[in-house]
Amino acid sequence: MDQHLEVFVKVVEKENFSKAAEELHMTQPAVSQYIRNLEESIGTRLLERSNKYVRLNKAGEIVYHHAKEILALYTKMQALVDDLTNNASGPIAIGASYTFGEYILPHIIARMQVKYPLISPSIKIQNTKEIIELVKMHQLDIGIIEGFFYEDTLNSEIVSEDRMVIVAPPGHHLLTEKREKRISELAEETWVLREEGSGTREAAENLFRKYEFTPKKVMEFGSTQLIKESVEAGLGISLLSHWTIKKELVNGYIGMIDVEGLPFKRNFSLHTHTTYQTKALKTFIEAVRGYLAE
11 MDQHLEVFVK VVEKENFSKA AEELHMTQPA VSQYIRNLEE SIGTRLLERS NKYVRLNKAG
71 EIVYHHAKEI LALYTKMQAL VDDLTNNASG PIAIGASYTF GEYILPHIIA RMQVKYPLIS
131 PSIKIQNTKE IIELVKMHQL DIGIIEGFFY EDTLNSEIVS EDRMVIVAPP GHHLLTEKRE
191 KRISELAEET WVLREEGSGT REAAENLFRK YEFTPKKVME FGSTQLIKES VEAGLGISLL
251 SHWTIKKELV NGYIGMIDVE GLPFKRNFSL HTHTTYQTKA LKTFIEAVRG YLAE
């Protein structure tokens, strides 16, 4: 049955029997037969077909959602069995929110690959809420996010503290005035922030609540890199992780405002779906802890 589900998922994602057959190294009639067999075993049609498209119906949406979970669990089961006799190897599906995924995770993966070349990581970068949802659905083996998210079906662990600082473009009056600023002085500034649902946006909102002010104007952008470029261009100021601005500070592209009470601190946390972890996943978690502890 797992192969029937694999074929079904591939047809849905490719939206085409021929393309699915090509990727699965099967003939198109064989793919069609697998789908018919699955529909017969389920007891209803799952796909709406025409010469131009293949689409899920309501029953198909239910089966597709659960098929993804079943296949992920099957892969994890096989990996756990393989671990009984083998060294750390095999795939790890890693999810991370943007700050960790774009600025910290590549260095951890590079270091781990030197010592454990048989581990094959795949990485998905999304905002915090999306990463947690993918871990819950077994689409990811582990999620690493900014902040902390409690979910009773997940194992969660804070692994490090992250320092958040306020940055401004070169020549900004808040940088040229050589004195410690009060946070209330920044209320009239334009703030360039991440979108709702991101860990960095949550940190900024927590900062505003802590000091009881609302920025006069907020501009919302969907990536940290875009925010850094916007600050450098003079669009406004922002709250960013110190991990994300190391190169910009060294090169003088942006500056860090000296603000009373900062840096503002948040956490990085790990989230996994089960206590039964493969050697590869355990090795990766150890690598994360070791890198952040340095």
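Each step along the sequence shown adds one to the number in our numbering, with nothing skipped, and position 184 is 194. Glycine included, C-beta positions come from ideal geometry on N, C-alpha and C.
When rounded, the separation of the alpha-carbon atoms in Ala-120 and Phe-278 is 20 Å. With a cutoff of 7 Å on beta-carbon distance, Trp-201 and Val-228 are scored as near each other.
In the DSSP annotation of this structure, the continuous segment of the alpha helix (DSSP H) that includes His-117 starts and ends at 115 to 125. If one requires a minimum length of 3 residues, the beta strand (DSSP E) runs lying completely within the stretch 130 to 165 are 152 to 156, in chain order. Remark: C-beta atoms of Gly-153 and Gly-105 approach each other more closely than 7 Å. If the five residues before and after Val-169 are omitted, its C-beta is found closer than 7 Å to the C-beta atoms of Phe-278, Ser-279, Leu-280, Val-298, Arg-299 and Leu-302, all from its own chain and listed in chain order. With 16 or more other Cβ atoms inside 10 Å of its own Cβ, Ser-107 counts as buried. Between Gly-265 and Ala-178, the gap from beta carbon to beta carbon is short of 7 Å. DSSP places Ala-197 outside any beta strand (DSSP E), giving it a letter other than H or E. The bridge partners DSSP lists for Ile-295 come to none.
For the stretch 54 to 94, the full-length alpha helix (DSSP H) segments reaching 4 residues or more read 68 to 93 along the chain.
Judged by DSSP in its simplified three-state form, Glu-187 adopts coil rather than helix or strand.
Tyr-126 places its beta carbon 7 Å or farther from that of Ala-89. DSSP places Lys-227 inside the beta strand (DSSP E), whose first and last residues are 227 to 230. Judged by DSSP in its simplified three-state form, Phe-274 adopts strand. When secondary structure is reduced to three states using DSSP, Ser-107 falls in the coil class, being assigned neither helix nor strand. Under the three-state reduction of DSSP output, Glu-25 falls in the coil class, being neither helix nor strand.
Cβ-Cβ separation between Val-19 and Lys-68: approximately 17 Å, too far for a contact (criterion under 8 Å). Secondary structure at Asp-172: strand, using DSSP grouped into helix, strand and coil. Contact between the stretch 260 to 274 and the stretch 179 to 198 is present: 3 or more CB-CB pairs across the two stretches fall below 8 Å. DSSP places Ser-240 in the uninterrupted alpha helix (DSSP H) bounded by 234 to 243. Ranked by Cα distance from Leu-272, the options Ile-176, Phe-223 and His-76 are led by Ile-176.
Boundaries for Ser-251: no alpha helix (DSSP H) harbours it, while the beta strand (DSSP E) harbouring it runs 248 to 251, taken from the DSSP string. When secondary structure is reduced to three states using DSSP, Pro-39 falls in the helix class. With at least 16 other beta carbons inside 10 angstroms of its own, His-148 counts as buried.
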